[in-house]
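Chemist: Here the sequence shown stands for residues -23 to -1, 1 to 249, numbered as in mature numbering (1 follows the signal peptide of the UniProt record, and there is no 0). So that we are looking at the same thing, I have put the structure below in structure tokens.
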Amino acid sequence: MKRILTVVLVLILCFSVAQPVFAASEQRGIDVSQWQGRIDYARVRDAGIRVVYMKAGEGSRFVDPYFERNYREARRHHLDIGFYHFVTARTVDEGRRQAHFFATLINERKMECRPAMDFEEFGDLSRREINAIARAYMAELEKLTGLKPMLYSDASNVESLWTRHFARYPLWVADYGRDEPYTTGHWSTWEGFQYSDRGRISGIDGLVDLDRFKDGVYLKRHERVKERPVVYRVKRGDTLEKIARRYDTTVDRIVELNPNLIRPGEKLIIKR
């Protein structure tokens, strides 16, 4: 019995050491996508989770199959919501188009947290090309949403890939098995810290990413209350002149914010 008790105490000690220490100002969070399936957000909330970052889409066409449900259910259970987009661009122009796609997915949705760029698969791109694509993407996303986005990256790339330019954006860094990320590179601090990709949370079958979030992931009050650009789906028979009149804007302004080819079914970002 004594031996069994000793083993149990050792296991409890090991488990407790593995748990992160949250500062009073930090929020417990998770990030989810189709791989978590149908999530019971009532149980997630009751487990102490406050922030949910959900994948909106990937590239310039793919919408996460669970995006709509994740958004609806997380909103219904009063969780703080953020969106992220998996970037696959291989040119600067593709980066801008993918930022446009992300903006069409989120611009008319309520969010408490900053939209995030997840650019982590680079193929044979050079460091210079990666930074140029990411720079164009982040600038375009900020222009189209009116919100300062956040950059998600693993710690290795934070240290060796991203240039000082990106320190103007909040950092969400992944580094597993540590109390703190081993580096923040050009950033003075992190605002999001993904500390595990093997978390277990009530309400989710299987594994989920676990995060700590600081105040910097939250939109500032003036960002939350200002009117964001609207998303308009082009209908057959529409002209840019008609759309511009409807939203009290100009054709030049619409063209500036949207791809050159405008077809029925395409979504436009329109600033009034």
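From the three backbone atoms N, C-alpha and C, an ideal C-beta is built for every residue, glycine too.
In or out: Thr166 buried (at least 16 other Cβ within 10 Å) or exposed?
Modeler: The residue is exposed, with fewer than 16 neighbouring Cβ atoms inside 10 Å.
Chemist: For Asp229, name the three-state secondary structure that DSSP assigns.
Modeler: Asp229 falls in the helix class under three-state DSSP.
Chemist: Count the other CB atoms within 10 Å of the CB of Leu(-13); is the residue buried (16 or more) or exposed (fewer)?
Modeler: With a pLDDT of 44 at Leu(-13), under the threshold of 50, the modelled position of this residue cannot be trusted; read the value that follows with caution. So Leu(-13) counts as exposed.
Chemist: Between the Cα of Lys248 and those of Lys120, Gly34, Asp101 and Arg155, spot the shortest distance and give me the residue it belongs to.
Modeler: When each option's Cα is compared against that of Lys248, the closest is Lys120.
Chemist: Look at the alpha carbon of Gly36 and the alpha carbon of Arg67, and state the distance between them as a whole number of angstroms.
Modeler: When rounded, the distance between both Cα atoms is 10 angstroms.
Chemist: Return the first residue and the last residue of the beta strand (DSSP E) that Gly63 is part of.
Modeler: Note on identity: in this sequence residue 63 is Phe, with Gly being the wrong assignment. Asp57 to Phe63 is the span of the beta strand (DSSP E), which, as asked, contains Phe63.
Chemist: So, with DSSP's three-state summary, where would you put Leu(-15)?
Modeler: Because Leu(-15) carries a pLDDT of 40, less than 50, the predicted location of this residue cannot be relied on, and no value is offered for it.
Chemist: Considering just the uninterrupted stretch of the beta strand (DSSP E) at Gln171, what are its terminal residues?
Modeler: Its beta strand (DSSP E) spans residues Gly169 to Gly176.
Chemist: Does DSSP put Ser137 in a helix, in a strand, or in coil?
Modeler: If DSSP states are grouped into helix, strand and coil, Ser137 belongs with the helices.
Chemist: For His142, which residues of its own chain have a beta-carbon under 7 angstroms away from its beta-carbon, when the five flanking residues on both sides are left out?
Modeler: Within the same chain, His142 has close Cβ partners Arg112.
Chemist: Express the C-alpha separation of His77 and Ile246 in angstroms, rounding to a whole number.
Modeler: Those two C-alpha atoms are separated by around 8 angstroms.
Chemist: Which residues bound the beta strand (DSSP E) around Lys72?
Modeler: Residue identity differs from the one stated: residue 72 is Gly in this sequence, not Lys. No beta strand (DSSP E) contains Gly72, which is instead part of the alpha helix (DSSP H) from Val69 to Ile83.
Chemist: Reducing DSSP to helix, strand and coil, say where Leu124 ends up.
Modeler: Coil at Leu124, not helix or strand.
Chemist: Any idea if Pro126 is buried or exposed, counting beta-carbon neighbours within 10 angstroms, 16 or more meaning buried?
Modeler: By the neighbour-count rule (16 or more Cβ atoms within 10 Å), Pro126 is buried.
Chemist: Can you tell me whether His62 is buried or exposed, with buried defined as 16 or more other CB within 10 angstroms of its CB?
Modeler: With 16 or more Cβ atoms within 10 Å of its Cβ, His62 is classed as buried.
Chemist: Quick check on the burial criterion: 16 or more other C-beta atoms within 10 angstroms. Buried or exposed for Asp182?
Modeler: Asp182 comes out exposed.
Chemist: Return yes when the Cβ of Val194 is within less than 8 angstroms of the Cβ of Cys90, no when it is not.
Modeler: Yes, these two residues count as a Cβ contact at 8 angstroms.
Chemist: Given a cut-off of 8 angstroms, decide if Gly162 and Glu136 are closer than it, judged by their beta-carbon atoms.
Modeler: Cβ distance < 8 angstroms, so Glu136 and Gly162 count as in contact.
Chemist: Would Leu187 and Tyr172 qualify as a contact pair, given that the criterion is a beta-carbon distance under 8 angstroms?
Modeler: Taking 8 angstroms as the Cβ cut-off, Leu187 and Tyr172 qualify as a contacting pair.
Chemist: Assuming Val21 and Gly6 form a contact by the criterion Cβ under 8 angstroms, report the distance between their Cβ atoms to the nearest whole angstrom.
Modeler: The pair is not a contact, with the Cβ atoms about 10 angstroms apart (cut-off 8 angstroms).
Chemist: DSSP state of Asp17, grouped into three classes?
Modeler: Correct three-state label for Asp17: coil.
Chemist: How would you label residue 250, buried or exposed, when you count the other beta carbons within 10 angstroms and need 16 or more for buried?
Modeler: The displayed coordinates of the chain run from -23 to 249. Any statement about residue 250 would go beyond what the structure contains.
Chemist: Once the 5 residues before and after Glu243 are set aside, which same chain residues still bring their CB inside 7 angstroms of it?
Modeler: Val211, listed in sequence order.
Chemist: Could you give the distance in angstroms between the alpha-carbon of Pro(-4) and the alpha-carbon of Val208?
Modeler: When rounded, the distance between both Cα atoms is 40 angstroms.
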